[in-house]
Amino acid sequence: MPQANLLKSLDYSVLQQCMHCGMCLPTCPTYVETKMEKNSPRGRIALLRAVADGDLEVSRALSDEMYYCLGCLACQTACPAGVNYAELFETARAEVEQAEVNDGMQRGFWRWLTLNVIFMRPWLLRLIGRVLRVYQSAGLDNLMRKLRFFGLMPRSLAKLEPQTPQISEHFSDDLIWPEESPKGRQEYRVGLLTGCIQDLAFSNINRDTADVLLANGCEVITPRSQSCCGSLHAHNGELELARELARRQIDSFDLDSLDAIITNAGGCGSHLKTYGHLLHDDPFYAAKAKVWDATVKDIHEWLVQIGFRKPTAGAGVSEVTYHESCHLCHGQKVVSQPRQVLASIPGLVFKELPESNWCCGSAGIYNITQPEQSQKLLDRKVANLKLTKAPVVATSNPGCHLQLANGLRSCGDHPCQEVTQPVTLLARAYRAEQGVGASGPHKPGSETPAP
Amino acid sequence: MIEASFIQSLKEILDPERVLTSAEDIVPYSFDGTAALKQRPGAVVFPLTAEEVADCVKLARRCSIPVVTRGSGTGLSGGSVPLDGCLVICLVKMDKLIEVDEKNLTLRAQSGVITKEIDDAAAKVGLFYPPDPGSMKISTIGGNVAENSGGLRGLKYGVTRDYVMGIEVVLPDGTLTFLGNKCVKDVAGYSMKDLFIGSEGTLGIITEVILKVLPRPKARKTMLALYDSMDAAAKTISAIIAAKIIPCTLEFLDRVTVQCVEDYAKIGLPTDVEALVLMETDGHPVVVEEEAAQMMALARANGARDVRAAADEAEGAKLAAARRNAFSALARVRPTTILEDVTVPRSELATMVAFIDSVAKKHSLQIGTFGHLGDGNLHPTFLTNERDHEEMHRVEVALAEIVEETIRLGGTVTGEHGVGLAKKAFLKRQLGEGSYELMRSIKQALDPQGLLNPGKIFDLRN
Numbered sequence: 002m003p004q005a006n007l008l009k010s011l012d013y014s015v016l017q018q019c020m021h022c023g024m025c026l027p028t029c030p031t032y033v034e035t036k037m038e039k040n041s042p043r044g045r046i047a048l049l050r051a052v053a054d055g056d057l058e059v060s061r062a063l064s065d066e067m068y069y070c071l072g073c074l075a076c077q078t079a080c081p082a083g084v085n086y087a088e089l090f091e092t093a094r095a096e097v098e099q100a101e102v103n104d105g106m107q108r109g110f111w112r113w114l115t116l117n118v119i120f121m122r123p124w125l126l127r128l129i130g131r132v133l134r135v136y137q138s139a140g141l142d143n144l145m146r147k148l149r150f151f152g153l154m155p156r157s158l159a160k161l162e163p164q165t166p167q168i169s170e171h172f173s174d175d176l177i178w179p180e181e182s183p184k185g186r187q188e189y190r191v192g193l194l195t196g197c198i199q200d201l202a203f204s205n206i207n208r209d210t211a212d213v214l215l216a217n218g219c220e221v222i223t224p225r226s227q228s229c230c231g232s233l234h235a236h237n238g239e240l241e242l243a244r245e246l247a248r249r250q251i252d253s254f255d256l257d258s259l260d261a262i263i264t265n266a267g268g269c270g271s272h273l274k275t276y277g278h279l280l281h282d283d284p285f286y287a288a289k290a291k292v293w294d295a296t297v298k299d300i301h302e303w304l305v306q307i308g309f310r311k312p313t314a315g316a317g318v319s320e321v322t323y324h325e326s327c328h329l330c331h332g333q334k335v336v337s338q339p340r341q342v343l344a345s346i347p348g349l350v351f352k353e354l355p356e357s358n359w360c361c362g363s364a365g366i367y368n369i370t371q372p373e374q375s376q377k378l379l380d381r382k383v384a385n386l387k388l389t390k391a392p393v394v395a396t397s398n399p400g401c402h403l404q405l406a407n408g409l410r411s412c413g414d415h416p417c418q419e420v421t422q423p424v425t426l427l428a429r430a431y432r433a434e435q436g437v438g439a440s441g442p443h444k445p446g447s448e449t450p451a452p
Numbered sequence: 283m284i285e286a287s288f289i290q291s292l293k294e295i296l297d298p299e300r301v302l303t304s305a306e307d308i309v310p311y312s313f314d315g316t317a318a319l320k321q322r323p324g325a326v327v328f329p330l331t332a333e334e335v336a337d338c339v340k341l342a343r344r345c346s347i348p349v350v351t352r353g354s355g356t357g358l359s360g361g362s363v364p365l366d367g368c369l370v371i372c373l374v375k376m377d378k379l380i381e382v383d384e385k386n387l388t389l390r391a392q393s394g395v396i397t398k399e400i401d402d403a404a405a406k407v408g409l410f411y412p413p414d415p416g417s418m419k420i421s422t423i424g425g426n427v428a429e430n431s432g433g434l435r436g437l438k439y440g441v442t443r444d445y446v447m448g449i450e451v452v453l454p455d456g457t458l459t460f461l462g463n464k465c466v467k468d469v470a471g472y473s474m475k476d477l478f479i480g481s482e483g484t485l486g487i488i489t490e491v492i493l494k495v496l497p498r499p500k501a502r503k504t505m506l507a508l509y510d511s512m513d514a515a516a517k518t519i520s521a522i523i524a525a526k527i528i529p530c531t532l533e534f535l536d537r538v539t540v541q542c543v544e545d546y547a548k549i550g551l552p553t554d555v556e557a558l559v560l561m562e563t564d565g566h567p568v569v570v571e572e573e574a575a576q577m578m579a580l581a582r583a584n585g586a587r588d589v590r591a592a593a594d595e596a597e598g599a600k601l602a603a604a605r606r607n608a609f610s611a612l613a614r615v616r617p618t619t620i621l622e623d624v625t626v627p628r629s630e631l632a633t634m635v636a637f638i639d640s641v642a643k644k645h646s647l648q649i650g651t652f653g654h655l656g657d658g659n660l661h662p663t664f665l666t667n668e669r670d671h672e673e674m675h676r677v678e679v680a681l682a683e684i685v686e687e688t689i690r691l692g693g694t695v696t697g698e699h700g701v702g703l704a705k706k707a708f709l710k711r712q713l714g715e716g717s718y719e720l721m722r723s724i725k726q727a728l729d730p731q732g733l734l735n736p737g738k739i740f741d742l743r744n
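Going down the list, the protein sequences come from chains A and B. Under my numbering, residues 2 to 452 are what the first sequence spells out, in order. Under my numbering, residues 283 to 744 are what the second sequence spells out, in order.
1) Tell me the DSSP secondary structure of residue 1 (chain A) in three-state form.
2) Restricting to Cα atoms, I'd like to know which of B:705, B:496 and B:448 is closest to residue 401 (chain B).
3) Since I believe residue 314 (chain B) is in contact with residue 363 (chain B) (beta carbons under 8 Å), could you give me their beta-carbon distance rounded to a whole number of angstroms?
4) For the stretch 404-418 of chain B against the stretch 6-15 of chain A, do three or more pairs of beta-carbon atoms, one drawn from each stretch, fall closer than 8 Å, so that the two count as touching?
5) Can you name, in chain order, every residue of its own chain whose Cβ lies under 7 Å from the Cβ of residue 481 (chain B), other than the five neighbours on each side?
6) In angstroms with no decimal places, state the Cα-to-Cα distance between residue 669 (chain B) and residue 412 (chain A).
7) Less than 8 Å between CB atoms is the rule here; does residue 14 (chain A) satisfy it with respect to chain B?
8) For chain A, find out if any of its Cβ atoms is closer than 8 Å to the Cβ of residue 294 (chain B); answer yes or no.
9) Sort B:565, B:386 and B:697 by Cα distance to residue 492 (chain B) and report the nearest one.
10) Return the chain-ordered list of same chain residues with a C-beta closer than 6 Å to the C-beta of residue 173 (chain A), the five sequence neighbours on each side being excluded.
11) Closer than 9 Å, Cβ to any Cβ of chain A: which residues of the stretch 334-356 of chain B, in chain order?
12) For residue 88 (chain A) and residue 101 (chain A), I'd like the C-alpha separation in whole angstroms.
13) Using a beta-carbon distance below 8 Å, is residue 24 (chain A) in contact with chain B?
14) To the nearest whole angstrom, what separates the beta carbons of residue 606 (chain B) and residue 434 (chain B), a pair I think is in contact under 8 Å?
15) What does the alpha-carbon distance come out to for the pair residue 437 (chain B) and residue 680 (chain B)?
16) Starting from residue 395 (chain A), follow the alpha helix (DSSP H) in both directions and report where the run begins and ends.
17) Could you tell me if residue 298 (chain B) is buried or exposed, where buried requires 16 or more neighbouring beta carbons within 10 angstroms of its beta carbon?
18) Check the C-beta distance from residue 532 (chain B) over to residue 561 (chain B) and give it rounded, since I have them as a contact under 8 Å.
19) Verify whether the separation of the beta carbon atoms of residue 190 (chain A) and residue 253 (chain A) is less than 8 Å.
20) Based on the DSSP secondary-structure assignment, which residues constitute the bridge partners of residue 262 (chain A)?
21) Please list the segments of the beta strand (DSSP E) lying wholly inside the stretch 329-375 of chain B, counting only runs of 3 or more residues, in order along the chain.
22) Who are the near neighbours of residue 119 (chain A) in its chain, counting only those whose CB is closer than 7 Å to its CB and skipping five residues on each side?
23) Assign residue 790 (chain B) to buried or exposed, taking buried as 16 or more other Cβ atoms, counted over all protein chains shown, within 10 Å of its Cβ.
24) So, with DSSP's three-state summary, where would you put residue 512 (chain B)?
25) Could you tell me whether the Cβ of residue 597 (chain B) comes closer than 8 Å to any Cβ of chain A?
26) Of all the CB atoms in chain A, is at least one closer than 8 Å to the CB of residue 609 (chain B)?
27) Pull up the CB-CB distance for residue 405 (chain A) and residue 396 (chain A), whole angstroms please, since I reckon it's below 8 Å.
28) List, in chain order, every chain B residue whose beta-carbon is nearer than 8 Å to that of residue 232 (chain A).
29) For a contact defined as C-beta to C-beta under 8 Å, what are the partners of residue 420 (chain B) on chain A?
30) I'd like the ranges of any beta strand (DSSP E) spanning at least 3 consecutive residues and lying wholly in the stretch 308-388 of chain A.
31) Could you have a look at residue 441 (chain A) and say whether DSSP puts it in helix, strand or coil?
32) In angstroms, rounded to a whole number, what distance separates the CA positions of residue 456 (chain A) and residue 93 (chain A)?
33) Cα separation between residue 116 (chain A) and residue 108 (chain A)?
34) When the Cα atoms are used, what is the spatial distance from residue 476 (chain B) to residue 446 (chain B)?
35) Kindly list the residues whose CB is nearer than 6 Å to the CB of residue 412 (chain B), restricted to its own chain and excluding five residues on each side of it in sequence; keep chain order.
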């Protein structure tokens with residue numbers, strides 16, 4: 002149902018907040034690439050303001066620009082004036098979708114299939130995951146590649162096929178009980194968000210998260226088969242679907258009984274913390290969503306907040322560097338905590354990554370929609386990783402994790418050969434304390450180990 | 283205004299990808315960093331060489347299309363705001379750092395190089411480019427020269443003009459010429475380069491610069507002094523200058539500004555002070571230690587509530603960066619932020635600050651003031667809403683009163699941002715008839731057609 006001009010109905014002061022000082026320009030990966038104003042936050046805001054003022058039509062070119070933007074929010078960190086770019090970005094993408102300036106049969110079909118069908122139905126997503134798992138574990142993907150089957154697909158998709166995430170053998174529900182209690186004294190009761198891609202490709206990280214929480218006196222409540230948080234929808238102009246998913250998510254948890262709801266994916270967390278704004282017009286959910294926002298915590302944020310216990314054993318890794326998920330650092334401003342978690346592990350030397358908070362190019366589905374720019378950012382990231390000479394990189398978002406693994410896999414002699422997450426290393430250190438053999442971190446391209 | 287044939291000719295001079303004409307491409311070039319000024323150009327081009335710039339100028343001249351040159355568009359006086367339908371020549375892609383000459387202590391760069399990259403390149407070989415405008419992370423060196431930008435270190439090191447040894451310029455008739463050289467001493471003829479420094483794009487287009495660089499100071503110390511009264515802060519400044527100390531930085535922020543900066547930077551500044559003074563001294567380590575101790579003692583003796591030194595270089599840099607963002611941080615308070623740039627002789631600082639305060643009260647306006655106390659350059663910043671016409675009118679009246687007082691105290695209407703469009707109305711009052719007409723006759727002689735950035739600084743014809 003088409004609505005009025007969304008940008009016009011937006012609180013104008015959000016647009017006015019930008020006083021075009023230009024401080025965002027050097028932090029914007031697309032501006033730095035092209036040096037064109039329209040590819041910068043300041044330029045995009047000028048375009049959106051022109052639309053709101055009625056000086057500019059919503060056009061295909063505007064849509065292209067909004068999809069060229071990574072939504073990494075580095076500009077938001079740099080902005081001294083406090084512009085809420087995230088809101089402008091989501092509204093603008095919704096606006097261009099509503100104006101249907103992008104209509105292509107193929108694009109429309111894929112968007113509908115992924116956003117409206119698959120990512121709205123957790124059971125279907127998991128079913129697809131199961132099928133993909135069987136396909137991958139039977140080696141059929143390699144066979145298909147040998148038979149050049151993918152030559153039949155559209156070229157852009159065929160190119161991406163090798164980047165399909167390796168599906169875990171078990172999903173989170175098989176690995177985590179709905180309620181788990183810590184062995185020692187219970188001090189907190191927390192909910193655990195298992196996510197969608199995280200659940201399919203990195204269920205072991207969800208298990209690690211639960212273990213780390215248990216080791217820190219948290220009772221862990223994990224509702225079954227949770228849905229997608231809706232960040233994918235909100236960032237791709239489907240705000241109504243995002244609202245629907247937010248309502249479902251809120252209903253999955255008994256908010257009043259929980260000290261925190263824990264997320265371990267930077268992108269999801271950044272979106273989960275804005276349900277209050279997303280549902281502010283909803284008479285039934287507005288108040289609940291506000292409470293929800295205050296309850297959601299990134300795992301690292303929570304660990305530091307409760308003064309997590311420092312492990313006494315190592316994680317079997319000598320040196321680690323850290324790539325910041327854009328939405329963890331720029332969206333949630335969780336910057337020092339993951340570093341504190343890594344620094345707490347005995348025998349682990351932490352090496353700072355140059356441009357650690359520069360986007361890796363994953364950016365949701367950006368690597369699918371904008372493969373060229375995505376690759377440039379990945380190359381830049383891989384080159385920076387090389388400078389650290391660290392054998393392991395930790396990150397905290399499934400998209401970044403997959404992107405880095407893909408980048409490193411195609412770079413054979415790279416010193417960095419392993420991608421993992423801070424919480425996994427911490428879980429391994431805790432396990433090592435008890436003499437439980439810690440499994441190795443996720444090697445690029447290797448099977449995801451089950452815990 | 284711009285015809286298709288003109289665009290076609292531009293595309294013959296430049297790679298068509300570097301000629302922008304669609305609305306989506308050029309709307310973002312309608313403004314610079316100045317509030318409330320906006321005009322859509324007809325086309326935007328990105329030359330890569332001085333020859334390409336010259337060709338564009340020749341073409342524009344033939345077709346009588348006005349030309350506005352810009353870099354990153356961070357200017358704060360409307361100097362690079364386009365004219366309706368004009369040609370914008372954007373120099374950001376002329377970004378080659380050509381040479382760092384350690385033997386002559388010079389650095390040569392194309393106009394589009396980012397100022398911070400200039401200083402970074404110098405730092406790599408132990409050298410130092412002192413001018414550091416608040417926007418140095420993104421402003422271009424060509425823009426700095428054209429606007430004669432200042433910065434936080436102006437007190438000790440001066441402004442951009444003091445570091446320009448030579449420039450390559452495209453004149454309004456398309457002639458490409460080089461003014462100046464690497465010689466420390468040079469008295470051959472008129473100082474032509476000086477004419478173009480601070481000319482705000484009205485006399486020529488600067489395409490390349492030779493800059494003087496200095497040995498990098500071995501030590502630096504940053505301190506903070508907090509005050510319950512503005513008067514005590516101003517007295518401290520006078521006492522430091524009277525003690526024959528020239529710190530590299532003496533910056534101040536008033537209560538409103540401190541609050542906004544803290545909101546943004548979250549570095550633990552106390553938000554209940556009337557004034558905060560950021561002091562910095564650099565040079566030989568022994569001298570730095572001695573001067574720092576002296577400055578801190580003077581601050582205490584003149585009524586500072588608290589004086590502290592940054593623990594290390596990193597903390598000092600953080601404090602300076604917070605100050606650098608003061609202007610943008612003020613934008614958090616109200617939708618429109620109008621920044622002024624008045625400068626008075628240092629002895630008149632306390633008077634001027636008190637006057638600004640009284641004007642704000644008189645017209646019920648919110649004004650955040652910060653600036654370079656050490657060199658008398660103040661930035662009273664109006665926090666307002668351009669959509670509130672009644673309030674905007676009061677802003678205009680208040681601004682006129684501030685400018686009037688500045689001139690009365692022997693000051694200038696711009697210390698570092700330039701005249702552009704924003705200060706044009708006040709220029710004649712400050713300069714007087716003779717000086718004003720001299721400037722106009724120079725413009726008339728060099729650019730009789732009024733091709734380059736017309737209407738900036740002054741109007742050619744009354």
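Ideal Cβ placement from N, Cα and C applies to all residues, glycine included.
So, from the data block:
1) The shown model of chain A, from 2 to 452, leaves out residue 1 (chain A), and the question about it has no answer.
2) Considering only B:705, B:496 and B:448, the residue with the shortest C-alpha distance to residue 401 (chain B) is B:496.
3) 5 Å
4) no
5) Short of 7 Å from the beta carbon of residue 481 (chain B), and not among the five residues preceding or following it, lie these beta carbons of its own chain, in chain order: 428.
6) 55 Å
7) yes
8) No, its Cβ sits nowhere closer than 8 Å to a Cβ of chain A.
9) B:386
10) 195, 200, 204 and 207
11) 354, 355 and 356
12) 20 Å
13) yes
14) That pair is a contact at about 7 Å.
15) 28 Å
16) Residue 395 (chain A) -> not in any alpha helix (DSSP H); beta strand (DSSP E) instead, spanning 393-395.
17) exposed
18) 6 Å between Cβ atoms; contact.
19) Note that the C-beta distance between residue 190 (chain A) and residue 253 (chain A) is not below 8 Å.
20) Its beta-bridge partners are A:192 and A:297.
21) 349-352 and 369-372
22) 125, 126 and 129
23) An answer regarding residue 790 (chain B) cannot be provided, because it is not within the stretch 283 to 744 covered by chain B.
24) helix
25) no
26) yes
27) At roughly 6 Å, the Cβ-Cβ gap stays under 8 Å, so residue 405 (chain A) and residue 396 (chain A) are in contact.
28) Within 8 Å Cβ-Cβ: nothing; residue 232 (chain A) doesn't reach chain B, min ~26 Å.
29) Annotation: Cβ neighbours of residue 420 (chain B) in chain A (cutoff 8 Å, chain order): 23, 24, 26 and 27.
30) 320-323 and 350-352
31) Confidence in residue 441 (chain A) is poor, its pLDDT being 43 and thus under 50, which makes the residue's placement unreliable; the coordinate value appears in the next sentence. Coil, per DSSP.
32) Chain A is shown only over 2 to 452; residue 456 (chain A) falls outside these bounds and no answer can be derived.
33) Taking the Cα positions, residue 116 (chain A) is about 12 Å away from residue 108 (chain A).
34) Their Cα atoms are separated by approximately 9 Å.
35) Around residue 412 (chain B): 435 and 439.
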